[in-house]
Each structure stands twice: as structure tokens, then as C-alpha cells.
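There are 2 protein chains.
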Amino acid sequence: MDTFKAFVCLIFIAFCVNGSIAYIVNPGPMVQATKGEIWPKPKAQTIGETFYTVRPKVLKFEVVTNFTCEILEKAIKRYIRIISSTKDRRKHNRSKSRHSTSHIDTMSWQTDPFYEGNLDLVKIRLTSECEKYPSLQMDESYSLSLNDQMGIIESKSIWGILRGLESFSQMLVLTEDKMTFRVNTTEIFDEPRYPHRGLLLDTSRHYINVFTIMQILDGMTYNKLNVFHWHIVDDQSFPYQSKAFPELSNLGAYDQSLVYTQKDVVKVIEHARYRGIRVMVEFDTPGHTRSWGISHPEILTSCGGQLSGQLGPINPTVNASYEFMENLLREIVEVFPDDYVHIGGDEVGFECWESNTEIGEYMTKNSVQNYQMLEEIYIQRIVDTVHSLNASSVVWQEVFENGVRLPNGTVVQVWTGNRQSLLQQITKQGLPALLSSCWYLDHLQSGGDWKTFYGCDAADFAGTDEQKKLVFGGEACMWSEVVDNGNVLQRIFPRVSATAEKLWSPYEVKDLDDAARRLEEHTCRMKMRGLPAQPPNGAGFCLNN
Amino acid sequence: MDTFKAFVCLIFIAFCVNGSIAYIVNPGPMVQATKGEIWPKPKAQTIGETFYTVRPKVLKFEVVTNFTCEILEKAIKRYIRIISSTKDRRKHNRSKSRHSTSHIDTMSWQTDPFYEGNLDLVKIRLTSECEKYPSLQMDESYSLSLNDQMGIIESKSIWGILRGLESFSQMLVLTEDKMTFRVNTTEIFDEPRYPHRGLLLDTSRHYINVFTIMQILDGMTYNKLNVFHWHIVDDQSFPYQSKAFPELSNLGAYDQSLVYTQKDVVKVIEHARYRGIRVMVEFDTPGHTRSWGISHPEILTSCGGQLSGQLGPINPTVNASYEFMENLLREIVEVFPDDYVHIGGDEVGFECWESNTEIGEYMTKNSVQNYQMLEEIYIQRIVDTVHSLNASSVVWQEVFENGVRLPNGTVVQVWTGNRQSLLQQITKQGLPALLSSCWYLDHLQSGGDWKTFYGCDAADFAGTDEQKKLVFGGEACMWSEVVDNGNVLQRIFPRVSATAEKLWSPYEVKDLDDAARRLEEHTCRMKMRGLPAQPPNGAGFCLNN
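As they're listed, the protein sequences go chains H and A. The working numbering puts the first sequence at residues 271 to 815. The working numbering puts the second sequence at residues 271 to 815.
Written out as C-alpha cells, the structure reads:
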């Protein structure tokens with residue numbers, strides 16, 4: 271008996287959102303999905319009692335201002351396709367009563383007193399010129415109104431329009447005739463809480479192919495995430511095919527079939543741009559560079575002593591390193607249009623530097639008192655180089671922790687340790703910060719750890735309002751030791767949705783039971799759109815995939 | 271520094287099989303894959319220095335005895351297809367030296383002194399009549415010889431031939447010209463350590479479609495697993511479309527698109543039969559039956575007191591329950607040809623029985639002293655019913671623990687608690703046992719818990735040789751709270767491979783480093799064959815998928 275109870279509790283405790291006694295398992299799904307709820311939850315939404323029907327074959331989006339552009343036209347086509355391809359696989363003839371009928375999902379809507387006819391037109395009111403690339407400063411606010419048998423999506427910015435289209439597509443609920451959607455009268459004003467809402471993807475530990483990256487970008491759109499942090503190279507492999515240094519991937523990639531050509535990179539950046547997603551690339555140095563050393567051992571440290579024969583981090587005491595880095599960074603800033611370059615700086619093992627006698631001599635000669643200072647010399651020059659190339663830097667927290675003086679505006683990404691204390695310290699020095707510590711997608715727990723993700727908020731630290739504003743947002747991190755093309759989508763979705771809502775929706779949106787019901791729907795929605803999102807809440811089912 | 275070390279150790283400690291210092295991460299994959307090693311490792315294999323080439327377009331399997339059958343003919347076609355479709359995606363022209371060349375993988379094999387020409391013919395020597403269905407008693411032993419430019423696979427049984435074909439297909443290593451395989455002269459005698467090597471799949475918590483089940487069966491073949499334990503229904507849903515009681519799935523399935531029709535069931539059984547895999551179905555009673563109660567509340571217990579309004583386990587005090595079960599079991603035994611039916615018996619919550627006053631009266635009247643005895647009355651009748659239908663029963667350990675007297679030959683499956691003590695007790699009473707406790711695929715750990723699976727052996731308990739022989743084997747369990755069609759294959763493979771080897775290969779095969787290298791290859795092999803097996807060992811890559 272005790273074993274029985276312990277087991278059931280262990281498996282189900284995270285899922286018991288109905289307050290039912292643990293050992294009583296009801297038939298049906300663990301969590302009942304909502305219908306037509308938007309994920310992440312909008313800042314302000316009023317839903318009326320009356321409703322319209324939307325016929326995909328008739329529905330039209332019309333840009334009613336003069337500010338249209340290719341991004342908008344492509345987005346309209348995309349959402350028409352998404353809406354039209356919403357399918358219900360249920361075998362109609364054998365439809366049964368228990369799960370498939372509810373008050374908003376019957377054949378009888380025509381005679382419903384709250385029914386107000388078809389909604390055939392959605393007006394797009396974009397009130398200023400399109401920007402070419404999304405940026406940290408982009409305006410993603412929009413309003414969405416469904417009223418008087420008409421939809422209006424309005425924004426000052428193309429990026430806001432994109433977010434509004436996504437919201438609209440999520441509100442449509444297929445009716446029983448499977449040809450028509452139902453949507454309630456609605457007023458929405460929405461804008462994100464944080465401007466930087468990212469997903470880090472590591473493509474070094476395992477190569478993730480371009481098609482899968484594009485699926486990830488699609489999935490980010492469904493969650494209103496706006497930064498694809500491309501951790502493109504690392505110790506294990508160097509898949510980026512550089513123009514200046516093709517030998518890096520020629521020798522440093524796992525294989526020549528496992529590289530990102532310049533064409534591939536453009537493809538990713540364009541796919542992201544059309545969806546209002548920034549591509550922030552990371553070339554992590556001075557550590558995490560072992561794969562660079564196959565073609566360029568001269569820039570890495572030759573370890574001595576017990577580590578003899580091994581190569582360590584980039585050698586900060588030789589000019590070759592800085593010349594190489596400047597040439598590489600010049601290319602990177604040209605290839606990746608985003609204002610920010612992530613220059614890494616995490617996990618620099620000082621052991622190899624310590625073991626190298628020439629580095630010791632350099633330090634004595636130049637009065638460098640410790641390895642933190644040595645790292646500072648290196649990072650300072652890299653940050654300056656990035657700055658001179660008209661870009662800004664993002665660094666991992668160690669750079670801050672080691673006391674490197676950072677120029678104004680350098681963003682510090684917090685990934686481990688006491689996040690609250692770190693956020694407090696970083697912003698106290700006037701530096702912007704990003705939070706990742708609590709959103710590591712490679713960390714697994716049995717069942718649905720999206721709830722752990724959901725319990726973490728980037729504003730939960732002691733600091734002034736000014737300090738809070740310096741938190742630009744955060745990123746979920748998909749390190750790829752244990753994922754490849756075959757399971758990376760499953761591992762990201764829907765767990766990243768929890769992070770996405772924490773970064774978009776107001777602080778007050780944090781009810782777990784409500785989120786569970788909405789995430790149940792959102793997961794099925796993502797599956798219907800082709801992403802193999804995994805079950806978030808235990809036993810259940812989706813009909814549309 | 272400490273943070274750095276701690277983090278790297280945490281992530282990589284499981285993967286550090288090269289004896290390298292934890293913070294030194296070498297470029298390239300974490301674990302170097304073997305080439306042409308068979309998984310699970312054969313009982314006895316001698317590999318010569320000389321080698322042949324095998325050309326898929328020329329290779330022929332020839333049955334040289336009179337005992338051929340459809341199973342064999344289909345298998346030959348299947349393996350010809352598997353071998354022919356082995357592709358290497360590397361871009362040849364840009365092939366680089368670091369990963370793609372090694373002594374057994376160059377263009378120069380023609381001039382290698384150990385090269386002994388083409389192997390174009392594999393003779394199949396089946397020395398007795400094919401059986402129609404695999405069974406617990408089936409003979410899976412085979413010998414495989416590659417010598418004198420000829421292959422010979424010999425077995426007394428069609429099932430042994432199937433296992434031999436699988437082994438042969440795994441030994442072929444693609445050469446650099448990508449049209450030819452290389453294989454060393456080899457002598458193998460192989461047979462499994464345990465006759466019951468299973469995978470449980472729960473299709474109630476999430477519906478797994480027939481196509482995915484067939485992929486799972488294919489994957490079982492690649493690991494020489496031979497029992498598909500189909501946990502087909504449970505509390506949450508009843509997807510089995512019964513002939514006698516169609517209302518069970520009409521009302522108890524999640525949806526009418528999420529059912530297994532009789533045709534579906536036949537499809538699964540046939541797909542399994544052709545691969546030498548038994549389909550052992552489970553209809554778990556008296557608990558885990560809530561979905562049954564939607565159409566047949568009369569057989570479940572109406573709880574009283576605080577649980578009033580709830581339905582509990584099957585009511586063991588009313589005749590309706592036994593009549594219903596006899597009719598259902600009669601159908602099950604007819605539909606599923608295997609000798610064994612799993613009748614469940616796990617996690618029976620006694621609270622509902624306790625709360626029902628009529629059950630209390632029955633117990634007083636019939637001198638049933640406790641709920642264990644009440645359960646015994648029920649299970650005893652079900653086991654007898656199964657027996658009268660010429661089948662045997664498998665039960666979960668609780669049935670044994672509750673002291674139910676079981677007829678000879680009833681198999682007890684151990685899934686929790688102190689497995690060693692349980693195996694000892696069960697076999698001491700002369701009952702056969704199956705082990706599952708340490709092979710729960712729904713339990714996740716960060717990274718590669720296949721190593722935990724691999725550390726568990728079904729013979730590691732105190733008992734006589736006679737007792738050890740009563741362990742028929744074991745099963746890995748894929749409970750489906752957190753998996754559906756989108757991630758179930760990734761969750762099963764390659765972790766189930768660890769269980770498969772523990773149940774097939776000799777006790778002495780337990781070197782983790784060696785297994786890691788072989789599993790790295792085996793995972794890529796499964797991926798090449800279309801299964802999205804997840805990375806087993808951290809950073810790495812497969813070329814063929």
C-alpha cells in the first residue's frame with residue numbers, strides 16, 4: 271500500500287492540478303486543455319460573450335496603410351497557410367460525446383444567440399515604415415480587436431504586427447464541422463515585459479541541420495521568442511565555414527557534411543528576420559576553443575607540466591591571437607547583422623595558463639598579478655575590437671565575476687550560481703544582464719520540468735527600479751551534448767514555452783494550474799503545426815497531429 | 271574555478287571514458303564508435319585478420335535446406351533492403367583526414383595483404399520446420415561463419431536464423447567508395463542468456479499509433495528483443511476495440527481516432543511474428559480500470575464515505591465482474607496468439623473496497639479477513655479463467671506480495687522495491703520471474719542513464735542455480751505519461767539497448783567503456799535505419815542519417 275501510494279505520488283504529484291486524491295486516477299487526460307487561449311498570455315485581453323465564425327477559404331488580411339513590406343506580405347501568406355492547414359483528424363462518424371463536445375464546440379453555433387456571423391476580414395494597420403532587421407530596441411507592441419465582424423491588428427512596428435498575427439492565429443478554435451473556426455469578440459493590448467527573449471542553441475556538441483534550425487525558429491515564433499542565440503562553435507567541433515579561415519571548419523568540423531556554409535548562415539538569418547527573430551552568434555573565447563586549435567594551434571596555449579601535449583585556451587600573451595581574432599570578428603560582424611556579438615568568456619580553465627612558462631614570464635614582465643587579470647587583458651581587447659567594429663558584446667558571467675572592466679552597455683549573461691545575487695551585483699554596476707540559470711533545457715527531470723522553469727522570474731532579485739530595467743530579459747539554453755536532429759525539437763518544445771511566457775507576460779501571470787491548461791492546448795497547437803512537442807502534463811492526447 | 275570544474279564534471283563525468291582530465295575537453299566526439307561490432311554482443315565470436323568485401327547489389331542469401339517459409343523469405347528481403355539502403359552522406363570531395371580515414375576504411379583495400387576478395391553468397395542452413403509463432407520456448411541460437419569467401423548462417427530454428435541475419439547485417443562496414451562493405455572473417459556461436467527479453471509499451475496514458483508501434487518492433491529486432499508487452503489499456507483510456515464489448519473503447523478511448531481496431535491488432539501481431547517477437551498483451555485488473563467503468567460501471571466498485579461518487583477497482587464480490595472478465599478473456603486469448611496473458615494486479619488501492627459497505631458485508635459473510643485475501647479471491651479466479659482458456663498468466667509483484675496462491679508456472683514481474691530480495695523469494699517458491707525494476711524508460715536522468723540500466727543484472731540475487739533458472743528474463747518499461755508518437759522512439763532507443771544486452775549477452779559482458787563505444791556505433795546504426803535514437807554518450811555525430 272505504501273509502495274503504491276509513494277509510486278503514484280512520485281509519478282503524478284506534478285500533474286495533480288485538480289486537487290483530486292493522488293491514488294484516484296480519473297479517466298481522461300491529466301489536464302484539460304483550454305480552447306483558443308494565447309501563449310504567452312497577452313498583457314491585457316478582454317473576451318466578449320459573442321462570437322464569430324472564420325472560414326479559412328474566405329478569410330482575408332488587408333494592409334490598410336501604405337507601410338507594407340516583404341516581411342508583412344510573407345507573414346500574411348504564412349498565417350493563411352497555418353490557419354488553413356489546421357486539421358482535425360477525428361473520425362467524424364464515430365464521434366463520441368465524452369471529449370469532443372462542449373459548449374463552444376458543437377454543430378449548433380448558427381442558432382446560438384451569441385453568434386454574430388462571419389468574420390471575413392482582418393485589417394492590418396501598420397503605422398510606420400518596416401525595419402529591415404529586428405533589434406534589441408524593436409517595438410513589439412500591438413493591439414488586436416475583433417469586433418463589428420471585423421478584425422484589426424495595429425502596431426507602430428512590423429514586429430508588433432507579426433506578434434499580433436501570431437496571437438490571432440492562436441485564438442481560432444475549430445468547430446465540429448471542421449471547416450470553420452470560432453472566435454470570440456476580443457480586445458487585446460499586448461507588449462512584452464522584456465525586450466530580449468532568447469533561445470540558445472549549441473551546434474558544436476552535435477551538429478543541428480539547417481532544416482531543424484528553421485523548425486526551431488518557427489517554434490520560437492509560436493512562443494514570441496525573439497533572439498536565436500547561436501552557440502555555433504565550441505571545443506568539440508567548428509561547423510562554421512569561415513570566409514577568412516576556411517581551414518577552421520575544414521579541420522575542425524566533425525565532418526565536411528556537418529558544416530554551415532555561408533549560404534546556410536544567410537538562410538538562417540533570413541528565416542529569422544522574416545519572423546522578427548534576431549540571430550545573435552556566439553564565438554566563445556578564450557576557453558571552449560579546442561576545435562580551433564586543429565588548424566590554428568598557434569593561437570592556443572601549449573600546456574606544460576602534467577598537461578604537456580595538451581592545448582588549452584587561447585593564448586592571451588601572443589600577438590597572433592589578437593590578429594586572428596580581429597580578422598575573425600571583422601568577418602563575423604559582417605556576416606551576422608545583429609548589433610550584438612556574444613564573445614563567451616565562460617569556463618576558462620587557468621590550469622593550462624599556469625603550466626605554460628612563457629605565460630608566466632609574460633605575467634612577471636608585465637606585472638600581471640593573477641590569471642583573472644590575464645583574462646581581463648584578453649577580454650578587454652576582444653570587447654574593444656567588437657566595439658571598434660560598431661557592435662556590442664555579450665559575455666558570460668565569469669567575465670564579470672573575474673572583475674574584468676567592461677565598457678558601458680556590455681551585456682552579462684547569468685547562467686549558474688546564485689542568480690539573484692549576481693543580477694543584483696551586475697545591474698548595480700550599471701551593466702545590462704540576461705538570465706539563463708533556471709532555464710537549462712538540457713537538464714532533465716522526470717516529467718514536466720516546465721513548472722520549474724515557470725517558477726523562475728528575472729525580476730526576483732533585490733534592486734532598484736533602475737536596476738530591474740537593466741535586465742534585458744533571458745534565454746533558455748539548449749546545450750547539445752545529449753540532443754541532435756532526432757530529439758532536439760522534442761527537448762525544446764514545449765519546455766521553452768515556460769521561459770517564453772515568463773519573459774513576455776506580466777509578472778502577475780504565474781498561476782501554475784492555469785498555465786498547465788493553457789500549455790496543454792499550446793502543445794497540441796505546436797504539434798498541429800508540425801513540431802513534435804512533447805507532452806507537458808502527463809497522460810493526455812492531441813487530436814490534430 | 272570551482273564552479274567551472276563542478277559544472278564540467280557534472281555534465282561530463284558520465285562520458286569521460288578516455289581517462290582524460292575532466293576539464294580538458296578534446297575536440298571530436300566524446301566516445302569513439304566501434305566499427306562492425308554486433309549489439310548485443312554475441313556469446314562467442316572470433317574475428318580473423320583477413321577480410322572480404324560485400325557488394326550489396328551482388329550479395330545473395332540462399333536457403334540451402336528444404337525448410338524455408340514465408341518468415342524466412344520476408345526476412346531475406348528485409349535484410350537485403352537494410353543493407354542496400356546503408357548510405358554515407360559525407361561529401362566525398364571535401365573528405366578530410368581527421369575522422370574519416372582509418373586502417374579499415376580506405377580506398378586501398380584491394381592491395382591490402384589481408385584482403386581475400388568478395389563475399390557474394392550467404393547460405394542459410396535452417397535445419398527444421400518453421401514455427402508459426404514465436405514462444406517462450408523458441409530456440410534463438412545460431413551459428414554464423416564467414417570463411418572461404420562464403421557466409422553460412424545455421425540454426426535449428428527460424429528464430430535463430432532471424433537473429434543470425436541481424437548479426438550479419440551489423441557486421442558490414444561501409445568502405446570509402448561507399449558502394450562496398452568490408453567484413454572480417456568471423457566465426458560466431460550465439461544464443462541468448464534469457465528467453466524473455468521484453469519491452470513494455472503503455473498505450474493508455476498516450477495513444478501510440480500503429481506505424482510507431484511497428485517502428486518500435488523494428489527497433490526491438492535490431493536489439494534482439496523478443497517480447498512486446500502491450501500494456502494496452504489503463505485508467506486513462508481504453509483504446510482496444512473489443513469485439514465482445516465495443517462500448518469499452520467507444521466510451522473509454524480518448525477519441526474514436528485513437529483506438530486499435532481488430533485489424534490494427536492483427537497488423538501489430540503479424541509485424542512482430544515476422545521478426546520473432548511475441549506480443550504479450552496486458553489487461554490490467556482489478557485496479558487500473560477506471561476507463562472501463564465509463565461503459566461498465568457495474569463491474570467497478572462504487573466507493574463510499576469520503577470517496578463517494580468515485581469508482582474504484584473491479585468489484586470482486588459480484589458475479590457481473592467475473593462474467594464480464596471471462597467473456598473478455600475468451601476474446602483476448604483468441605485475438606492474441608501468445609501463450610501468456612498479463613493480467614496485471616498492480617497498485618490495487620484498497621481504500622475504495624474499504625469504503626464500500628456491501629463489500630464489507632460480503633467479507634464478513636464469507637470470512638474474508640482482509641483486503642489482500644479479497645484480492646486473492648479475485649486474482650485466483652482470473653488466473654483460473656486464463657488457465658481454463660489454455661493460456662498462462664503473468665502478474666505484477668503485488669499479487670505475489672499479497673500472498674495470492676498462484677498456480678505453477680504463473681510468472682511474477684518485479685517492478686519496484688528490493689528486486690534482489692523479491693527475485694529470491696519468488697523463485698524460492700518455484701515461480702518464474704521477470705525483472706523490470708531497474709529498466710524504467712520513463713525515469714530520466716540528465717544524460718546517459720543507459721549506464722544505470724547496464725549496471726543491473728537479473729542474476730544478481732541470492733539463490734540456487736534452480737532459482738536462477740526460474741528468472742525468464744526481464745523487460746524495459748515505457749510508461750507513456752510523458753511520451754507520445756512524437757518522442758517515444760527517442761525515449762526508448764538507444765536506452766533499451768542496454769537492457770537488451772543485459773538479457774542476451776553472457777554475464778561477463780559488462781565493461782562500460784567497451785559498451786559505450788559499441789553503443790555509439792549501434793545508435794548511429796539505428797538512426798541510419800530510420801529510428802531517431804538519441805545520443806547515448808554526449809558530444810558526437812553520426813554520418814548516416
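All C-beta atoms in this analysis are idealised placements derived from N, C-alpha and C, irrespective of residue type, glycine included. Since the model is a prediction, treat every value here as computed from it, not as a measurement.
Interface flag, H:Phe816 vs chain A, CB-CB below 8 Å: With chain H running from 271 to 815 in the structure shown, residue 816 of chain H is simply not present.
Close beta carbons around H:Ala809, own chain, < 7 Å, minus the five adjacent residues each side: In the first sequence, counting from the first residue as 1, residue 809 of chain H sits at position 539. Only Pro299, Met300 meet the Cβ criterion.
Chain H within 8 Å of A:Cys279, Cβ atoms only: Numbered from its first residue, the second sequence carries residue 279 of chain A at position 9. With a pLDDT of 34 at A:Cys279, under the threshold of 50, the modelled position of that residue is not reliable, and no figure is offered here.
Contact belief for H:Arg765 with H:Trp720 at Cβ below 8 Å, rounded distance in angstroms: The residue given as residue 765 of chain H occupies position 495 in the first sequence. The residue given as residue 720 of chain H occupies position 450 in the first sequence. So it is a contact: roughly 5 Å between Cβ atoms.
Neighbour-count burial assignment, A:Gly673, 16 or more Cβ in a 10 Å radius: The count along the second sequence starts at 1 and reaches residue 673 of chain A at position 403. Answer is exposed; the Cβ neighbour count stays below 16.
Touching by the beta-carbon criterion (3+ pairs, under 8 Å), the segment 387–406 of chain H and the segment 540–547 of chain H: yes
Endpoints, the beta strand (DSSP E) within which A:Asp784 is located: Residue numbering aside, residue 784 of chain A sits at position 514 when the second sequence is read from its first letter. No beta strand (DSSP E) contains A:Asp784, which is instead part of the alpha helix (DSSP H) from 782–798.
Rounded straight-line distance, which links the Cα of H:Ile422 to that of H:Asn454: Counted from its first residue, the first sequence places residue 454 of chain H at position 184. Counted from its first residue, the first sequence places residue 422 of chain H at position 152. Answer to the nearest angstrom: the Cα atoms are 14 Å apart.
Within chain A, partners of H:Arg787 - CB distance below 8 Å: Working through the first sequence from its first residue, we reach residue 787 of chain H at position 517. Going along chain A, no residue has its Cβ under 8 Å from H:Arg787, so there is no contact; the nearest lies around 17 Å.
Range covered by the beta strand (DSSP E) that runs through A:Ile423: Position 153 of the second sequence holds residue 423 of chain A. 420–425 is the span of the beta strand (DSSP E), which, as asked, contains A:Ile423.
Burial state of H:Arg351, where buried means 16 or more other Cβ atoms lie within 10 Å: The residue given as residue 351 of chain H occupies position 81 in the first sequence. So H:Arg351 ends up on the exposed side.
Given H:Leu391 as reference, the closest of H:Val443, H:Ser398, H:Pro326, H:Lys426 once Cα atoms are compared: On the first sequence, residue 391 of chain H is found 121 positions in, with the first residue counted as 1. The option with the nearest alpha carbon to H:Leu391 is H:Pro326.
Interface residues of the segment 488–511 of chain A facing chain H [CB-CB below 9 Å]: Asp504, Asp505, Gln506, Ser507, Phe508
Spatial distance of A:Lys698 from A:Leu676 (CA atoms): One-based indexing of the second sequence puts residue 698 of chain A at position 428. One-based indexing of the second sequence puts residue 676 of chain A at position 406. When rounded, the distance between both Cα atoms is 13 Å.
Beta strand (DSSP E) segment containing A:Thr323, residue limits: Within the second sequence, the letter at position 53 stands for residue 323 of chain A. Here the beta strand (DSSP E) through A:Thr323 covers 314–324.
A:Val779 to A:Lys311 span [Cα, whole Å]: Against the second sequence, residue 779 of chain A aligns to sequence position 509. Against the second sequence, residue 311 of chain A aligns to sequence position 41. A:Val779 and A:Lys311: Cα-Cα distance of roughly 8 Å.
H:Gly614 at chain A interface by Cβ criterion, 8 Å: As a working mapping, residue 614 of chain H is identified with position 344 in the first sequence. Chain A contact via Cβ: absent.
Closer than 8 Å at the beta carbon, the chain H residues around A:Glu736: On the second sequence, position 466 is the one that residue 736 of chain A refers to. Per Cβ cutoff of 8 Å: no residues; A:Glu736 is ~28 Å from chain H at best.
Classification of A:Ser625 by the beta-carbon crowding that lies within 10 angstroms, buried from 16 upward: As a working mapping, residue 625 of chain A is identified with position 355 in the second sequence. By the 10 Å Cβ count, A:Ser625 comes out buried.
DSSP state of A:Phe811 mapped onto helix, strand, coil: Start at 1 with the first residue of the second sequence, and residue 811 of chain A comes out as number 541. The answer is coil: DSSP assigns A:Phe811 none of H, G, I, E or B.
H:Ala328 to H:Ile346 span [Cα, whole Å]: As a position in the first sequence, residue 328 of chain H is number 58, starting the count at 1. As a position in the first sequence, residue 346 of chain H is number 76, starting the count at 1. Correcting the residue type first, residue 328 of chain H is Val in the shown sequence and not Ala. Each residue's alpha carbon lies about 14 Å from the other.
Reference H:Leu598, options H:Pro586, H:Leu705, H:Ile613, closest by Cα: As a working mapping, residue 598 of chain H is identified with position 328 in the first sequence. H:Leu598 has its Cα closest to that of H:Ile613, out of H:Pro586, H:Leu705, H:Ile613.
Test item: CB-CB of A:Ile584 and A:Val551 under 8 Å: Here residue 584 of chain A corresponds to residue number 314 of the second sequence, with the count starting at 1. Here residue 551 of chain A corresponds to residue number 281 of the second sequence, with the count starting at 1. Not in contact: A:Ile584 and A:Val551 (Cβ atoms no closer than 8 Å).
Buried versus exposed call for A:Gln683 [16 or more other C-beta atoms within 10 Å across all chains shown]: The count along the second sequence starts at 1 and reaches residue 683 of chain A at position 413. By the 10 Å Cβ count, A:Gln683 comes out buried.
Contact list for H:Ser578 against chain A, beta-carbon separation under 9 Å: Stepping through the first sequence from its first residue, residue 578 of chain H is reached at position 308. Per Cβ cutoff of 9 Å: no residues; H:Ser578 is ~12 Å from chain A at best.
Contact under 8 Å by Cβ, H:Val295 with H:Thr450: Within the first sequence, numbered from 1, the residue matching residue 295 of chain H stands at position 25. Within the first sequence, numbered from 1, the residue matching residue 450 of chain H stands at position 180. For H:Val295 and H:Thr450, no; Cβs fall outside 8 Å.
Length of the line joining the Cα atoms of A:Arg395 and A:Val333: In the second sequence, the residue the question calls residue 395 of chain A occupies position 125. In the second sequence, the residue the question calls residue 333 of chain A occupies position 63. Distance between the alpha carbons of A:Arg395 and A:Val333: 6 Å.
Proximity test, H:Ser355 beta-carbon vs the ligand MG heavy atom, cut-off 7 Å: Summarising the ligand content, the structure contains no ligands, and the ligand MG is consequently not present.
Cβ-Cβ distance between H:Val480 and H:Asp525 below 8 Å: On the first sequence, residue 480 of chain H is found 210 positions in, with the first residue counted as 1. On the first sequence, residue 525 of chain H is found 255 positions in, with the first residue counted as 1. Cβ atoms of H:Val480 and H:Asp525: not closer than 8 Å.
Ordered list of beta strand (DSSP E) runs contained in the segment 589–677 of chain H, each at least 3 residues: 610–614, 662–666
Contact set for H:Glu628: own chain, Cβ-Cβ below 8 Å, skip 5 residues either direction: If you number the first sequence from 1, residue 628 of chain H lands on position 358. Contacts found: Thr587.
Residue-level contact to chain A via CB, H:Leu692, 8 Å cutoff: As a working note, residue 692 of chain H is residue 422 in the first sequence. False, the Cβ-Cβ gap to chain A never drops below 8 Å.
Extent of the continuous alpha helix (DSSP H) run through H:Asn520: In the first sequence, residue 520 of chain H corresponds to position 250, counting from 1. Start and end: 517–522.
Of the residues H:Gln690, H:Pro776, H:Leu442, H:Thr531, the one placed nearest H:Phe731, counting alpha carbons only: The residue you call residue 731 of chain H lines up with position 461 of the first sequence. Nearest of H:Gln690, H:Pro776, H:Leu442, H:Thr531 to H:Phe731, Cα basis: H:Gln690.
Residue range of the alpha helix (DSSP H) that includes A:Asp735: The count along the second sequence starts at 1 and reaches residue 735 of chain A at position 465. That run of the alpha helix (DSSP H) goes 735–739.
Inter-residue Cα distance where the pair is A:Val605 and A:Tyr510: Taking the second sequence and counting its residues from 1, one reaches residue 605 of chain A at position 335. Taking the second sequence and counting its residues from 1, one reaches residue 510 of chain A at position 240. Those two C-alpha atoms are separated by around 11 Å.
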